[in-house]
Amino acid sequence: YRHSSQYRHWSYTVGHLREKRIETNLKAVKLIQAKLQKFIDEQGDNISQSELQTLKSKAVPLTMEEELKLVNFYTKKVQVIGKHLNLPTEVIATSITFFRRFYLEESVMKYDPKELVHTTIFLACKAENYFIGVDSFAKKAKSTKDEILKYEFKLLESLKFTLLNHHPYKPLHGFFLDIQQMLYGKVDLKYMGKMYDKCRRKITEALLTDAVYHFTPPQITLAVLIDEDELLVTRYLQMKFGKPEETVEETGTEIVTPAKENAQKEKQEVKQEVKQEVKQEGEKSEQNGKPEDHPNTEKEEEGAETKQEEEEEEAEVPDGKDENTIELDKLMEQIMACKEMIASMSVVSTQDAKLIYAKNYYCQYPDIV
Amino acid sequence: DVEKRYSINPDHYNDPFIKDLESNREYLASGFRTDYVYDRVLTEAFM
Amino acid sequence: SYSKENKVGEGTYAVVYLGTRQSDSKKIAIKEIKTSEFKDGLDMSAIREVKYLQELEHPNVIRLMDIFMAYNNLNLVLEFLPSDLEVVIKDKSVLFTQADIKSWLLMTLRGVHHCHRNFVLHRDLKPNNLLISPEGIIKVADFGLARAVPNPREILTSNVVTRWYRAPELLFGAKHYTYAVDVWSVGVIFAEMLLRVPYLPGKDDVDQMEVTFRALGTPTEKDWPSVSMFPSYNKLQIYPPPSRDELRNRFIAVSSSALNLMCGMLEMNPGNRWSTVQCLESAYFKELPSPSNPADIN
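As given, the protein sequences belong to chains A, B and C, one line each in that order. Numbers 38 to 406, taken from our numbering, label the letters of the first sequence in order. Numbers 208 to 254, taken from our numbering, label the letters of the second sequence in order. Numbers 125 to 422, taken from our numbering, label the letters of the third sequence in order.
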């Protein structure tokens, strides 16, 4: 994931993301102010004081917060249009992702979000191998070929030419399987199936928030899962990433699933084998003459010991899990923070959006004001 | 990480989405394998 | 930042120039995507090339160094790779050894393995898409037909891979194929390196089946369960698979491990065909001769 363009180009800290938006907004404000000033200068005496006042009160560049509201409002439209066009979930997810990333790099005061909605969905279809010819797409979307293609290049450039997205849906499928494995015989499969469908919908909602810039796809998946069933997912994570003693303490009775039992049996066998081997080694060296016949006997013996220790250590790794390099409490912290961020997503009312859109419109067309 | 943080255990998966494809002749003939699907989604979950 | 010197190639959707990076005078190749030709905006091949090369970084995969827009054209800046395997195979004046072949196959398999472990199917592996750097390193190139491994119920087009390197499941029109199609292509390339002539050169898609099955045997339900459900299966001429001796006669002076590897890659049933990991871990790469050092290959 760290090698992916999504991580390299599109992950930010909260502060960094805010700076980015402020910077994009500032660039556009300067452009708008220059444009307005130029307009006023060009009018010379043709513009009356009251007109000037009106202009200054209506044609006011948007703040970063207003921009973000407008972007969120139109991102929702991207999702709705994608559904209306019956596009696969992942294509809609990519459309949403492209649209939001575009407006990290560009301002709505420079590129009208209305004009990017269809272009974004069209490019997402191509990028996800769900190709629809531009003519039939224009017909379905009630748009025109020129409008759709007008900003395609610009969109690709602002996306820094990164088109491959890792969405949280595949991790959901992965955890769906792994939960069954770790809690084998302990989970109601019908319940899991319902949970799966609900979580898929919640993931799409999560893509409308800034969580996508601050957390990895699997973390978003786990946040959505834990929101759905905290007990089940916490137990799963404890088993998966917790330290063995923790698992027992936390849940009182350690969940011994068949997978675990088998693994425990294997662990015993491994230990036996290792002990057996070391014993045989010892017998062999006795049988075949004095230790000095075997140079580095010390080392070999040692080797055997360290090997045995290693083996034992390996055998110690809790069963059903591989080498665990994840600290459970750190992961839980991340997941809970992600869950909060997704939950704090605010919906923008049409009314609000209209006001902001009008403000932006006046900035674009001062003569109309 | 060389260690994958998961092991694939198809007998433990009740995955209606995939299971019936295993006996679908068109999928079988194409070379479709469920372990490829499991590997893909588990990798995406644990990367 | 870059200069375009001379045009070195032209394809359906791009023109390739030789160039120089101004900052360090490093030679580069610039693939200028023709934008006017494609009525649906950006060409799908360009989208694929950009999408996958941005994610893949490996010594045996061509490196995408930069992308820029100029005069409304999309330009991909790629590392400069002056030759390719097709040139080498065809040029009879170039003598190469078993060790050279082993080295080229090893590098090819490493590049393809990197694509597969990133869940990318290349779908157009052939000698002239295996480019060779000035240091003799083989690099997988041309991702214009690549795609991510599909979701289980997605339907894929079987009209991919240049005909001579097309796997039997694709010849039958399969829609749910896997990494195995790339491994088949590498197997045919391996045979071609040994023979120095194309191994399965069909004149057209129907002839391609004929040539393939005459050389390797017609698959049966026994070795490829469900193969008979493909519509075109019933019209097939039935040929017996070649005996081990027959294969040994075809590929004289190759070791038994080499033959095993080739048979693993050219296994008819895609479900049993070797994966890139099995190929890379095969005995062939562990036995002598060791793969040549790429820089020493003529």
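In this text, a Cβ means the ideal position worked out from N, Cα and C, and glycines have one as well. Computed from a predicted model, the values in this text were never measured in an experiment.
Residue i to residue j, Cα distance in whole Å?
i: F337/C; j: I362/C; result: 8 Å
i: K391/A; j: A96/A; result: 14 Å
i: L259/A; j: K177/A; result: 36 Å
i: K226/C; j: S379/C; result: 11 Å
i: S237/B; j: D215/A; result: 27 Å
i: Q217/A; j: S356/C; result: 41 Å
i: C162/A; j: Y176/C; result: 16 Å
i: R290/C; j: A153/C; result: 28 Å
i: D183/A; j: D264/A; result: 43 Å
i: L209/C; j: R232/B; result: 38 Å
i: V293/A; j: F159/A; result: With a pLDDT of only 36 at V293/A, under the threshold of 50, the placement of this residue in the model should not be trusted; the figure read from the coordinates follows. Distance between the alpha carbons of V293/A and F159/A is about 50 Å.
i: F192/C; j: K128/C; result: 13 Å
i: H204/A; j: I133/A; result: 11 Å
i: F136/A; j: T342/C; result: 51 Å
i: K72/A; j: Q80/A; result: 12 Å
i: R45/A; j: A164/A; result: 19 Å
i: F190/A; j: H219/B; result: 47 Å
i: F239/B; j: V401/C; result: 18 Å
i: E103/A; j: I393/A; result: 7 Å
i: V406/A; j: Y233/A; result: 52 Å
i: N196/C; j: L166/C; result: 11 Å
i: R238/A; j: L196/A; result: 25 Å
i: V264/C; j: V140/C; result: 17 Å
i: S207/C; j: P251/C; result: 11 Å
Where does residue i sit, in a helix, a strand or coil, going by DSSP?
i: N253/C; result: helix
i: E210/B; result: coil
i: S414/C; result: coil
i: N361/A; result: coil
i: Y126/C; result: strand
i: S149/C; result: coil
i: V244/C; result: strand
i: R287/C; result: helix
i: R277/C; result: coil
i: E156/C; result: strand
i: K64/A; result: helix
i: V310/C; result: helix
i: K131/C; result: strand
i: R240/B; result: coil
i: V261/A; result: helix
Taking the continuous beta strand (DSSP E) assigned at residue i, which residues delimit it?
i: A382/C; result: Looking at the DSSP string, A382/C is not in any beta strand (DSSP E); the run it does join, the alpha helix (DSSP H), is 380 to 389.
i: R145/C; result: 138 to 145
i: V264/C; result: 262 to 264
i: M193/C; result: 188 to 194
Note the first and the last residue of the continuous alpha helix (DSSP H) segment covering residue i.
i: N197/C; result: Per DSSP, N197/C belongs to no alpha helix (DSSP H); it is in the beta strand (DSSP E), 197 to 203.
i: M229/A; result: 226 to 243
i: S195/A; result: 189 to 195
i: E229/B; result: Element bounds for E229/B: n/a, residue is neither H nor E.
i: I118/A; result: 101 to 121
i: E293/C; result: 292 to 295
i: V249/A; result: 248 to 251
What distance in whole Å lies between the Cβ atoms of residue j and residue i, which are believed to be in contact at a cut-off of 8 Å?
i: L201/A; j: S42/A; result: 6 Å
i: W262/C; j: G235/C; result: The sequence given here places Ile at residue 262/C; Trp does not occur at that position. Contact holds; Cβ gap of about 7 Å.
i: A272/C; j: V244/C; result: 6 Å
i: S425/C; j: D224/C; result: Residue 425/C is absent from the model: chain C starts at 125 and stops at 422.
i: V307/C; j: S399/C; result: 7 Å
i: Y245/B; j: I215/B; result: 5 Å
i: V284/C; j: L269/C; result: 5 Å
i: F220/C; j: K151/C; result: About 25 Å separates the two Cβ atoms, so there is no contact after all.
Applying the 10 Å Cβ sphere with the 16-neighbour rule, what's the burial state of residue i?
i: M353/C; result: exposed
i: Q256/A; result: buried
i: L412/C; result: exposed
i: M382/A; result: exposed
i: Q324/A; result: Confidence at Q324/A is low in this model, with a pLDDT of 47, below 50, so the placement of that residue should be treated as unreliable; the coordinate-derived value is given next. Exposed: under 16 other Cβ atoms inside 10 Å.
i: D83/C; result: What is shown of chain C runs 125 to 422, which leaves residue 83/C out entirely.
i: E181/C; result: exposed
i: A419/C; result: exposed
i: I240/A; result: buried
i: H121/A; result: exposed
i: K367/A; result: exposed
i: E134/C; result: exposed
i: P223/B; result: exposed
i: Q74/A; result: exposed
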